[in-house]
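Asks: Just dropping this structure here.
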Amino acid sequence: MSEKLALFDDGIRRVAVALPFDIDRLIDEWSGLRSPMIRSRPDSFTRDEWAYLITFLDPAWLKRVFESHFGKPSPATDGKITAILRPRGRVAVWLPNNVSLLGPLTLILVSLSGNPMWLKTGSHSDDLTAAFLEFCRTALPGGPLANYLLDRVRLESFDRDDPRVREMAATSAVRIVFGTDEASAAIDALPHPAGSLSFAFSDRRSEAWIEPSSVDDQVLETLAKVFAIYGQAGCTSPRRVVVIDGTAESARQLRDRLLALWRRAIPQDPPMNVASANIMTRQWAAISGWSAALTDRHGAVLAVGDASLPELEGTAVLPIVALTLDEAIAQLPENIQTIGHAVAHPLEERWLRMLATTSIKRFVPVARMHHFGPVWDGFQFWRMLFEEVEVAS
């Protein structure tokens, strides 16, 4: 039985959200982690990952998760309620191997729904979720958040043939899968409760679109930082940069400016194996017809060329091409997810028409390409962690 009813009003209707905690108190607990997080960081997290988590726990942002779906908090003045929203039940989450930060982010979001959760970490990835859970439980011992995470979160790592995979599917009201198309289909085919929901966030690609007039040092440094986090491995990482309505020369100029700024944007040295692999990637790119150059200390390969050239392979290679908007739209991959933009007027009609007629899921500034939220791949998945009961007098 949920202990708290939180009222929200969006101007059209008022709903009561039933939760096993007080929303404001839980958000205060989450945001209260930011002070100890600033003072120390687990070794398994990079500085950028830890900084993003600190930003994610901003109390205003966490409150917007509720308000963007249900409206503003409402005082109980007239007793009129149109619906009760209650947690659906256990949420099973299959986490990916390539973007391990999704574990802590999903943990935070699902916790706000009041549902218990069972998370399976990627079998070939760093277990950032376990490290984050341990940090939470020790930073605020004995508090409501620590108790919630102890009582209602199950986190395990096992391979896909383990019988617990079937148990997760068979005992959960919601299944959230990050992984390949094949893995998502296999999990969806497992026996599961009638009426349960499934959200598959599988193979996706993203691009960065930049107008020549919007190229400045800040945009290029942000692009370098966004790309360097996951390289080509993340679904929200730019697989290529498209200079919209640019020329081959403007694409080359962008590449050269990015090369000059790379060390300032990415001061740390790349791992030796990455640097060595990038030397070979640059050679293959040149053989394939690309004008390819290594960044300082061989941290990445930046390649300029015609969009008709063979697609480049490599974790840290970033192709840069110049296309008209119509050409860029025509070349969108079927599994496009995010367009990270640096354009002068992103809300003008030509961009809105493009979004209305393509399968693009997110059109956000380059700096927000990796930002995870309660709406993902076009699904309001967080809202669907609740079931709705219609109420009428």
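If you're matching positions, the sequence shown starts at 329 in our numbering and goes up one per residue.
Here a beta-carbon is modelled for each residue, glycine too, at the ideal position from N, C-alpha and C.
What you are looking at is a predicted structure, and each value in this text was computed from that prediction instead of being measured.
(1) Taking 7 Å as the limit between beta carbons, can you name the residues of its chain near Thr550, skipping five residues before and five after?
(2) Going by DSSP, which residues form a beta bridge with Leu525?
(3) Taking just the CA atoms, how far does Ser363 sit from Val505?
(4) Would you identify the three-state DSSP class for Pro647, choosing helix, strand or coil?
(5) Using the three-state DSSP reduction, which class does Phe691 fall into: helix, strand or coil?
(6) Can you list, in chain order, the residues of its chain whose CB lies under 6 Å from that of Arg312, leaving out five sequence neighbours each side?
(7) With a cut-off of 8 Å on the beta carbons, I'd call Leu473 and Glu357 a contact; round off their distance for me.
(8) Give a yes or no on contact between the region 564-577 and the region 535-548, applying the rule of three or more CB pairs nearer than 8 Å.
(9) Near Met697, what residues of its chain come up, given a Cβ to Cβ distance below 6 Å and the 5 sequence neighbours on each side ignored?
(10) Can the beta-carbon of Ala404 be found closer than 8 Å to that of Leu335?
(11) Can you give the Cα-Cα distance for Pro519 and Phe527, rounded to whole angstroms?
(12) Measure the CB-CB distance between Ser616 and Leu640 and report whether it falls below 8 Å.
(13) Could you say which of Met365, Val671 and Ser368 lies nearest to Ser542 if we only look at CA atoms?
(14) Would you kindly report the start and end of the unbroken alpha helix (DSSP H) that includes Pro519?
(15) Thr374 to Leu456, Cα distance in whole Å?
(16) Which two residues bound the contiguous beta strand (DSSP E) that contains Ala334?
(17) Looking at chain B, is there any beta carbon in it that lies within less than 8 Å of the beta carbon of Pro432?
(18) May I have the straight-line CA-CA distance separating Asp386 from Leu525, to the nearest angstrom?
(19) For Gly642 versus Ala603, is the C-beta spacing smaller than 8 Å?
(20) Whole angstroms are fine: how far does the CA of Ala379 sit from the CA of Met329?
(21) Take Arg488 as the anchor and find which of Gly507, Arg482, Trp679 and Ile409 has the nearest alpha-carbon.
(22) Along the beta strand (DSSP E) that carries Trp537, what are the first and last residues, could you check?
(23) Going by beta carbon distance, what residues of the same chain come within less than 8 Å of His397, once the five residues before and after it are set aside?
(24) Let me know if Ser500 comes out buried or exposed under the rule of 16 or more other beta-carbons within 10 Å of its beta-carbon.
(25) Classify Gln596 as buried or exposed, calling it buried when 16 or more other Cβ atoms lie within 10 Å of its own Cβ.
(26) Helix, strand or coil, according to DSSP, for Ala672 in the structure here?
(27) Quick check on DSSP: helix, strand or coil for Ser441?
(28) How would you call Val349, buried or exposed, if buried means at least 16 neighbouring beta carbons within 10 angstroms?
(29) Taking the continuous beta strand (DSSP E) assigned at Glu715, which residues delimit it?
Replies: A quick look at the data gives this:
(1) Taking the sequence shown and counting its residues from 1, the one referred to as residue 550 is at position 222. Correct list, in chain order: Val694 and Ala695.
(2) Translated into positions along the sequence shown, residue 525 becomes position 197. Leu525 is bridged by DSSP to Val502.
(3) Counting from 1 along the sequence shown, the entry for residue 505 is found at position 177. Counting from 1 along the sequence shown, the entry for residue 363 is found at position 35. Distance between the alpha carbons of Val505 and Ser363 is about 32 Å.
(4) Here residue 647 corresponds to residue number 319 of the sequence shown, with the count starting at 1. Under the three-state reduction of DSSP, Pro647 is assigned to strand.
(5) Against the sequence shown, residue 691 aligns to sequence position 363. In this structure, Phe691 counts as strand in the three-state DSSP scheme.
(6) Only positions 329 to 721 of the chain appear in the structure, and residue 312 is not among them; the question remains open.
(7) Reading the sequence shown from its first residue, position 145 is the one you call residue 473. Reading the sequence shown from its first residue, position 29 is the one you call residue 357. The pair is a contact, with the Cβ atoms about 4 Å apart (cut-off 8 Å).
(8) When C-beta atoms of the region 564-577 are compared with those of the region 535-548, three or more pairs fall below 8 Å, so the two segments count as touching.
(9) Along the sequence shown, read from residue 1 onward, the residue named residue 697 stands at position 369. Close CB contacts of Met697 within its chain, under the 6 Å cut and outside five residues either way in sequence, are with Val554, Thr564, Thr666 and Gly668 (chain order).
(10) Translated into positions along the sequence shown, residue 404 becomes position 76. Translated into positions along the sequence shown, residue 335 becomes position 7. With a cutoff of 8 Å on beta-carbon distance, Ala404 and Leu335 are scored as near each other.
(11) What you label residue 519 is simply residue 191 of the sequence shown in a count that begins at 1. What you label residue 527 is simply residue 199 of the sequence shown in a count that begins at 1. Rounded to whole angstroms, Pro519 to Phe527 spans 15 Å at the Cα level.
(12) Numbered from 1 along the sequence shown, position 288 holds the residue referred to as residue 616. Numbered from 1 along the sequence shown, position 312 holds the residue referred to as residue 640. Cβ distance < 8 Å, so Ser616 and Leu640 count as in contact.
(13) On the sequence shown, position 214 is the one that residue 542 refers to. Of all alpha-carbon atoms in Met365, Val671 and Ser368, the one lying nearest the alpha-carbon of Ser542 is that of Val671.
(14) Residue mapping note: residue 519 aligns to position 191 of the sequence shown, counting from 1. Premise fails: Pro519 is in no alpha helix (DSSP H) and is neither H nor E.
(15) The sequence position of residue 374 within the sequence shown is 46, counting from 1. The sequence position of residue 456 within the sequence shown is 128, counting from 1. Answer to the nearest angstrom: the Cα atoms are 10 Å apart.
(16) Taking the sequence shown and counting its residues from 1, the one referred to as residue 334 is at position 6. Ala334: member of the beta strand (DSSP E) spanning Lys332 to Asp337, first to last residue.
(17) Going by chain labels, chain B is absent from the structure shown, which holds only one protein chain.
(18) If you number the sequence shown from 1, residue 386 lands on position 58. If you number the sequence shown from 1, residue 525 lands on position 197. CA-to-CA, the gap between Asp386 and Leu525 works out to about 29 Å.
(19) Here residue 642 refers to the residue found at position 314 of the sequence shown. Here residue 603 refers to the residue found at position 275 of the sequence shown. No, Cβ-Cβ distance for Gly642 and Ala603 is not below 8 Å.
(20) By one-based count along the sequence shown, residue 329 stands at place 1. By one-based count along the sequence shown, residue 379 stands at place 51. Note that Met329 scores 45 on pLDDT, short of 50, meaning its location in the model is unreliable; the coordinates nonetheless yield the value given after this. Annotation: Met329 to Ala379 spans about 36 Å, alpha carbon to alpha carbon.
(21) Locating residue 488 in the sequence shown gives position 160, where the first residue counts as 1. Of the candidates Gly507, Arg482, Trp679 and Ile409, the one whose C-alpha sits nearest the C-alpha of Arg488 is Gly507.
(22) Taking the sequence shown and counting its residues from 1, one reaches residue 537 at position 209. For Trp537, the uninterrupted beta strand (DSSP E) run begins and ends at Arg533 to Ile538, by DSSP.
(23) Position 69 of the sequence shown, counted from the start, is the residue given in the question as residue 397. Pro702, Gln708, Trp710 and Arg711, listed in sequence order.
(24) The count along the sequence shown starts at 1 and reaches residue 500 at position 172. It counts as buried.
(25) Along the sequence shown, one-based indexing puts residue 596 at 268. Per the 10 Å Cβ criterion, exposed.
(26) The residue labelled residue 672 in the question sits at position 344 within the sequence shown. The answer is coil: DSSP assigns Ala672 none of H, G, I, E or B.
(27) Sequence index remark: in the sequence shown, residue 441 carries index 113 (1-based). Three-state DSSP puts Ser441 in coil, outside helix and strand.
(28) Here residue 349 refers to the residue found at position 21 of the sequence shown. One point to set straight first is that residue 349 is Phe, not Val, in the sequence displayed. So Phe349 counts as buried.
(29) Counting from 1 along the sequence shown, the entry for residue 715 is found at position 387. Run containing Glu715: Phe714 to Glu718, per the beta strand (DSSP E) assignment.
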